[in-house]
Every structure is written in C-alpha cells, then in structure tokens.
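One structure is given below, encoded as structure tokens.
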Amino acid sequence: MSTSNEVLSLKFNQNFGCFVCGMNDGIRVFNTEPLVEKLYLNKDTDKVGSVAIAEMLDRTNLIAVVSGGNFPIIAPNSVLIWDDHLKEFILEFTFKSKVFAVKMSSKKLVVVLHNKIHVFSFPNNSQKLFTFNTCDNPKGLCELSTTDDDCQLLCFPAVKPGFMQVADISLAEESASKCPRIFQAHKHEIACIALDHSSHRLATASLEGTLIRIFEVNPKNEIKQLIELRRGMDTALLYSINFSRDGGYLCASSNKGTVHIYNLQDPHFNRQLKLANLGLNSSNLFDARYSMCTFQIPCELPCVCAFGENCNSVICICVNGSYYKYIFSNDGKTCTRDSYENFLDLCLGSDF
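Shown next, in the form of structure tokens:
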C-alpha cells in the first residue's frame, strides 16, 4: 500500500551536488554533501500534486515534473516546468503517449517516450528541434551532455535492441543535424547507461547485468570500446552507473545489494578473477576487469549511486530514504562507511 511519503523517483542533478525525489506528497530536493533538505513542494499547498518523475537543471530554479502516483494534477503524457523563483509552472509540453524520462541542459529539453525521443530548445522560445526513433524504452534511457562545447551529445538506445545511438544536437535545425552514429554495445537489450562529465565516454550495461562497457564517443573520433568491466558472473538488474567528476572512477549499483567501484585511471588496481580451477575458458572472462572494491546495502532496495565532492567517496541513496557515504582508498584496499542517515526524516534546512 502506497503512502504519502513514498519515493516514486530518485535523481541526482548533473554534478551530483543535489538530488531530487518525486513523491506521492510532492517534491523534495536535498543537498548531497552535507545532507541538507533545500526544497519541499507540497502536493496540496504548492499545487504540484504527486510526482512520478522530477528532474533538476543543475542548481537552478527549474525542475521538470511528470505527474503520477496517487494525486496527479495532470496526465502522465505531459511535462511541466516548475520555476521555484516564481513558485509556479511556467511551461507545459504534451505528447501522445506516456513520458518515461526528462533531461535538461541550459539550452535543450529532452523528453523520452516509449519508442521516441523529442528534443526542444529551452528554456526561452521552446520549439521542437529533433525527433529520434528508438526501440521500446520503458526505462527512459537517455544521456545528455551538459558541457558548453560546440558539440552537444545525446546518447540513447537505437531501434535495434543492444545498439546505441549518439547524436549531435547542438545544431539548431533538424535538417542540418549530423546523422546519429549507431553502434552495437551488447548482445542483449540495454538496461543502464551513463555519460562522463567531459561527454567523451559512454558506459553501458545490458539486461544481463554482468558486464559494463565503456566507449569513446568523442565526435572527433570513431566510436570505439575502451574497456570492459565485469560486475559479476550472475545476472543482475543495474540501477545506476556513474563516472566520477574527474573521470578516474566509475560506480554501479544493482539489485544484488552490492555497489561496485572501478578504477579507470589505474585499471591494474581492479581485480582479475583467476579461473584456472573453475573449468572456464572464455577469453572474455579473462579480459574483463572486476571492481576495485565494493560495499553492501540491503539488496531489496532500489538505489542510485554517485561520487561525492571528493572523488574518493561514493554516495548511495535508496527509495526508503537511506543515505550511505563510503570512502575508499586509491588502490581499493580500504572502503569504509563514513556516514548513514535517512533523508526522509530531515526537516527543511536541517542537516546531520
């Protein structure tokens, strides 16, 4: 049975400095470090209703909202833009089918439907610029670069399962846009993706959840696989993948209750499994690098993880309000819990 404080969506902002919860009773925004509640929009007094999806634009006053849950104020095929300076919705985008995800940058708004992605100019004089077809995408997978470079990348599943598309959406007109580059990332359907902060590397995982592959997607070069990381040998559902701000590390969370941390700048610190006594002869098992270190959380809790201000710390937030911070050494030999809190118990402006 759902409750008023049930978390329906949980998202970090673009630099992981904040995270936002879409909830049955509205929207809550928290500072990541230190953990402080910065904003609470009540479904009734602020007239936002219950929120299935909430997405922040950095630390600005704009929040994208998709209604859902027990008390929606509008159908789930619409995106509303909340301006917290004006304390009201300022834009509305309506589509023919349900919205599964929203991404924002300082110049673009991206809306993900079941098998289409629409791109709009944003926030001033919003007009549709592009539409891309995808395979069935109920997870709303899509990554939008947030750099101010001349090239702005949009990464999303292609029409054929297991394939990815990378498109340059920096050009103003669809007729002048560069054709998306399409490549095979996995044999199975894509389940999780992440773009690094330089917008040059893309991490992908499939529904099998055993491997994470990292590709170079720099528009100046051909797309190529850089490294293959192994989460484990058993199937798992990945909830999140994220790069550290400096690009030196990668973390991943799954329904196995283990958060994995990989060293990308010094890959030799990542573990390699010795399989001589296991009767396995697949070269892929030898080539893939295992995580440098791990930590455990209750496995029944959907969660997302990201790196803290210090790239040697990982923050993990769960739908039940659990907040974990772990600190690890550069070589992965130590990984210890630094703090635990329940962010749903915080009051506006309080910290721990």
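Residues 34 to 385 (this note's numbering) make up the sequence shown, in order. Think of the CB as a built atom: it goes at the ideal place given N, C-alpha and C, for glycine as much as any other residue.
State the DSSP-derived secondary structure class of L240, mapped to helix, strand or coil.
DSSP places L240 in coil when its eight states are reduced to three.
Threshold first: 3 residues or longer. Then list the beta strand (DSSP E) segments lying entirely within the stretch 218-304, N to C.
The qualifying runs are 223-228, 234-239, 244-249, 257-263, 271-276, 282-287 and 291-296.
Can at least three beta-carbon pairs, one atom from the stretch 154-161 and one from the stretch 175-186, be found at a separation below 8 Å?
No contact exists between the stretch 154-161 and the stretch 175-186.
In whole angstroms, what is the alpha-carbon distance linking F376 and I247?
Roughly 32 Å between the two C-alpha positions.
How should L313 be labelled, buried or exposed, when 16 other C-beta atoms within 10 angstroms of its C-beta is the threshold for buried?
A caution first: L313 carries a pLDDT of 46, below 50, which makes its placement in the model too unreliable to give a value.
How many angstroms separate the CA atom of R278 from the CA atom of D229?
Roughly 8 Å separates the two Cα atoms.
Would you mind sorting E125 into buried or exposed? The rule is 16 or more other CB atoms within 10 Å of its CB.
By the neighbour-count rule (16 or more Cβ atoms within 10 Å), E125 is not buried but exposed.
Can you tell me the Cα-Cα spacing of S408 and P300, whole angstroms?
Outside the displayed span of the chain (34 to 385) sits residue 408, for which this structure offers no information.
Could you give the distance in angstroms between the alpha-carbon of L283 and the alpha-carbon of K193?
About 27 Å.
Of all the options Q305, V250, G280 and C349, which has the alpha carbon lying nearest to the alpha carbon of G290?
Ranking the options by Cα distance to G290, first place goes to C349.
Beta strand (DSSP E) containing N157: first to last residue?
N157 -> no beta strand (DSSP E), and no H or E assigned at all.
Do N38 and C51 count as a contact pair if the criterion is CB distance below 8 Å?
No; because the gap between Cβ atoms is not below 8 Å, this pair is not in contact.
What are the boundary residues of the beta strand (DSSP E) that includes D116?
Unbroken beta strand (DSSP E) run through D116: S111 to D116.
Roughly how far, in whole angstroms, is the beta-carbon of G101 from the beta-carbon of A85, given that I think they are within contact range, below 8 Å?
Right, the Cβ-Cβ distance comes to about 2 Å (below 8 Å), so this counts as a contact.
Please report how far the alpha carbon of C225 lies from the alpha carbon of I360, in whole angstroms.
Distance between the alpha carbons of C225 and I360: 24 Å.
What beta strand (DSSP E) runs, 3 residues minimum, are completely inside the stretch 163-216?
As far as the stretch 163-216 is concerned, its whole beta strand (DSSP E) runs of at least 3 residues are 186-190 and 196-201.
Cutting at 6 Å between CB atoms, please list the residues of its own chain near V53, excluding the five before and the five after it.
Result list for V53: K44, V62, A87 and M89, in chain order.
Taking the beta strand (DSSP E) that V81 belongs to, which residues open and close that run?
Neither: V81 is in no beta strand (DSSP E) and is coded neither H nor E.
Determine whether the beta carbon atoms of R11 and N46 lie at a separation below 8 Å.
It is not possible to answer for residue 11, since the shown part of the chain is limited to 34 through 385.
Taking 8 Å as the threshold (C-beta atoms), are D79 and N94 in contact?
No.
Give the C-beta separation of F196 and L174 to the nearest angstrom, bearing in mind that I take them to be a contact with Cβ-Cβ under 8 Å.
Contact flag wrong, Cβ pair sits at about 12 Å.
Buried or exposed for I274, please, with buried defined as at least 16 other CB atoms from any protein chain shown within 10 angstroms of its CB.
Buried, by the Cβ-count rule.
Roughly how many angstroms lie between the CA atoms of T127 and T369, to the nearest whole one?
Cα-Cα distance, rounded: 46 Å.
Between the alpha carbons of I215 and V250, how many angstroms are there, rounded?
One C-alpha to the other measures close to 11 Å.
So for D378, helix, strand or coil by DSSP?
Here D378 sits in helix by DSSP.
At what residues does the beta strand (DSSP E) containing F52 begin and finish?
Run containing F52: C51 to M56, per the beta strand (DSSP E) assignment.
So what's H151 in DSSP terms, helix, strand or just coil?
Strand at H151.
Which same chain residues end up closer than 6 Å to P335 when comparing Cβ atoms and leaving out the 5 residues on each side of it in sequence?
For P335, where only same-chain residues beyond five positions count, the Cβ hits under 6 Å are Y272 and V352.
If you measure from the CB of G55, is any heavy atom of the ligand FMN nearer than 7 Å?
This structure lacks the ligand FMN; in fact it carries no ligand of any kind.
May I ask which residues mark the beginning and end of the beta strand (DSSP E) holding L124?
Run containing L124: E121 to T127, per the beta strand (DSSP E) assignment.
Are the CB atoms of F104 and K76 nearer to each other than 8 Å?
It is a contact, given that the beta carbons lie within the stated cut-off.
Would you please state the rounded distance, in angstroms, between the beta carbons of N345 and Y323? I believe it to be under 8 Å.
Contact flag wrong, Cβ pair sits at about 19 Å.
By a C-beta neighbour count over all protein chains shown, 10 Å radius and 16 as the cutoff for buried, is T237 buried or exposed?
Result: buried.
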